[in-house]
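To start, the structure itself, in structure tokens.
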Amino acid sequence: MTTKRGLITDSFKVVKKSRRGAKQRKSPTPPPSQPEDVAPSAREEDLQQLKQFDLDWRFGPCTGISRLQRWERAKLHGLNPAEEIRELLLQTQLSLWLSYTVSLSLL
Amino acid sequence: MFSDLSAQREGSSLLCRPASEDQGPVFERTTIDYSPCTERYRLGERSFSRQYAHIYAARLMEMRPLLSERAKHKWGSDVLIKKLCDLETGEQCCIVGTLFKRMDLQPSILKEISEEHNLLPQPARTKYITEADELILEDELQRIKLEGKIDRDKCVTGSVIVIYGAEKNDGKFTVEDFCMADLPLQTPRPELGSDKFVLLASGLGLGSSKADSMLGLQLLVDMVTGQLGDTGEQSGAATISRVLLAGNLLSQSTQDKDASTKPKYLTKKTQAGSVEAMRLLDELLLQLVASVPVDVMPGECDPTNYTLPQQPLHKCMFPLSSAYPTLQLVSNPYSANIDGVRFLGTSGQNVCDIRRYSSMESHLEILEETLRLRHLAPTAPDTLGCYPFYQRDPFILEDCPHVYFSGNAPVFGSKLVKGWCAEFLRCLIICLILFYRFPASDRLFYFFYPYRHL
């Protein structure tokens, strides 16, 4: 029987109950997240900007080509894409490359 | 041309005793400047992982400003050019978009492999149009059905046009008028001092089962290299400065499909038909390139890739003739600047494909239509195989050629076409016939047009 809404698991009764005295499995405590709060939100913002660029219908389809290629195409046809997107894309490329070289040097 | 030249002389030098002291007059072939435009149709690394939506988007992006300008010129500069999403019912406006023709008979692989329909593969037809076809205009976001003063049977999918009219209450757009991008601007051609000729030929059809096709070809080669006729005709042949072979150098019969479907043990010792045909072609070209520069374009039946733009035939297939620098192996839509005159043409696949999906019959008419649409192959990639370009559509004509040709047509035709914006914008369009179809006697009187008179 399929349910119209809710999870499919709601249609089945719970048959197993957790045993008393069973070993409590504790998940490891998450590390303190304060210093990371600032960095992801800036990155998230950048990601949001890039997503908005992807969904912008004026520049054509976004799948199958890289964002930089799509930006170059928009520039070629005179559609005036925002310059900061390009800078963002080049920065992201650069930072990926840097992290790659750093990890190589640690080997 | 040649019969006029030889008739001028009173006595034919062929009937006289050969002069033993000297060799006779030596004719120098006229040399011309030549620069090919190779980069446009050459593919570098090929990636087929993209969808074809990119090529349509690039096409629309590139043609939109051109069509907006045409619309303003035709219907007044205050005409509204709107997008489909901003369209209001009853409002007179222009819309720029790509045409799509929904045809019931269009071969669809999904219908063929669908089990519920249980259909046998559709037999090949000459025309796939019916009365029930519908025209739809698409822009970046939406599409709308069209009706009104637009000839549905003439239009093909993939043409970018601008329409003028209004949307009626039933959701269809009633077209009052439409227009295409028309001929692009042309760089002026330099004035030429004397008559110079370029020989355009197509459909040599080597490797066919009929044995007599070699006689005509050999006659042609002998005439071009000046070994045929008396001094009048030889001097005439010396004015042929270039030979352009536009596709279908091999015959259709070299492409037999039986060899690919038969099991390996039956076909182990047999060679593909195209191997022998390429050897014949190489020997023929050897005679030609020793005397005149030749451009070789691949066609539908030639051993190169199937999708447009077809890449040049590889020079390893021409061991004898590729030693000469006069042999130029070029791509299928081919563009070159010969002595200041711009030549642009294809081997005819684009024209044949449009012919199948529209009511137009004559290749010349279709060729003119592609020129007016400003696009070499509007049906690519819908029904004509094409590489998935993403950045730009290389089939859009950027500047108007002086000579626009297409090969492998059933009948020969030529026409002088004039552009809309300037008096001097003229283009000569030519449909080349299949060489092997015609008997040897007719083939010598080929198309020689002194392009000084353009």
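Chains A and B supply the protein sequences, listed in that same order.
Okay, so the first sequence: first residue is 28 according to the working numbering, each after it adds one.
Okay, so the second sequence: first residue is 6 according to the working numbering, each after it adds one.
Quick reminder that beta carbons are idealized off the backbone N, C-alpha and C, glycines included.
Only a predicted model underlies this, so the values are computations on that prediction, with no experimental measurement involved.
Secondary structure note for glutamine 96 of chain A: its alpha helix (DSSP H) is the uninterrupted segment 94–103. Collapsing the DSSP output to three states places leucine 381 of chain B in coil. Runs of the beta strand (DSSP E) lying entirely within the region 318–377 of chain B, each at least 3 residues long, are 332–334, 339–343 and 346–351 in chain order. Look at the beta carbons and you see the region 167–180 of chain B touching the region 141–154 of chain B: at least three pairs across the two are nearer than 8 Å. Taking 9 Å as the cut-off, the beta carbon of aspartate 187 of chain B is found no closer than this to the beta carbon of arginine 55 of chain B. For chain A, the residues of the region 45–73 of chain B that bring a beta carbon within less than 8 Å of one of its beta carbons are Ser54, Arg55, Gln56, Ala58, His59, Ala62, Ala63, Met66, Glu67 and Pro70, in chain order. As the crow flies, the alpha-carbon of isoleucine 166 of chain B is around 19 Å from that of asparagine 355 of chain B. The beta carbon of tyrosine 57 of chain B sits closer than 6 Å to those of Pro386 and Pro393, all from its chain and outside the five residues before and after it, given in chain order. Counting only unbroken stretches of 3 or more residues, the beta strand (DSSP E) elements lying wholly within the region 201–276 of chain B are 202–206 and 245–251, in sequence order. Only those residues of the region 95–122 of chain A whose C-beta falls short of 9 Å from the nearest C-beta of chain B are listed: Gln96, Arg97, Glu99, Arg100, Ala101, Leu103, His104, Gly105 and Leu106.
For glutamate 196 of chain B, no alpha helix (DSSP H) segment is defined, and its DSSP state is neither H nor E. Per DSSP, isoleucine 114 of chain B is one residue of the alpha helix (DSSP H) stretching across 114–118.
Contact check for proline 189 of chain B and cysteine 405 of chain B: beta-carbon distance about 5 Å, within the 8 Å limit, so the pair qualifies. A contact between stretches requires three or more CB pairs, one per stretch, nearer than 8 Å, and the region 77–97 of chain B fails this requirement with the region 200–214 of chain B. Taken through DSSP and simplified to helix, strand or coil, serine 73 of chain B comes out as helix. Restricting attention to B:Ile149, B:Leu437 and B:Leu289, the CA atom closest to the CA of glutamate 172 of chain B is found in B:Ile149. Aspartate 227 of chain B and glutamine 292 of chain B have their alpha carbons spaced roughly 9 Å apart. Annotated three-state conformation of valine 167 of chain B is strand, per DSSP.
Within the same chain, no Cβ atom closer than 8 Å to the Cβ of serine 119 of chain B is found once the five residues on either side in sequence are excluded. Under the Cβ criterion of 9 Å, tyrosine 392 of chain B is not counted among the residues facing chain A. When only Cα atoms are considered, glutamate 74 of chain B and phenylalanine 183 of chain B end up about 13 Å apart. Residue environment analysis places threonine 90 of chain A among the exposed positions, since fewer than 16 neighbouring C-beta atoms fall within 10 angstroms of its C-beta. In terms of beta-carbon proximity, threonine 90 of chain A lines the interface with chain B, with at least one pair separated by less than 9 Å. Closer than 9 Å to the CB of tyrosine 169 of chain B there is not a single CB belonging to chain A. In the three-state reduction of the DSSP assignment, glutamate 96 of chain B falls in the coil class, being assigned neither a helical nor a strand state. Setting aside the 5 residues that flank it on each side, leucine 146 of chain B is surrounded in the same chain by Cys90, each with a C-beta closer than 6 Å to its C-beta; the list follows chain order.
Per DSSP, proline 88 of chain A has no beta bridge partner at all. In this structure, leucine 211 of chain B lies near leucine 255 of chain B, with their beta-carbon atoms less than 9 Å apart.
Following the DSSP letters along the chain, one finds serine 419 of chain B inside the beta strand (DSSP E) bounded by residues 418–423. In the DSSP annotation of this structure, the continuous segment of the beta strand (DSSP E) that includes aspartate 182 of chain B starts and ends at 178–184. The beta carbon of leucine 146 of chain B sits closer than 9 Å to some beta carbon of chain A.
For a Cβ distance threshold of 9 Å, residue set Arg100, Leu103 and His104 of chain A lies close to arginine 397 of chain B, ordered along the chain.
Per DSSP, glycine 153 of chain B is not a residue of any alpha helix (DSSP H); the beta strand (DSSP E) it occupies stretches across 148–153. Against chain B, the beta carbon of glycine 33 of chain A has no neighbour under 7 Å; the closest one sits roughly 34 Å away.
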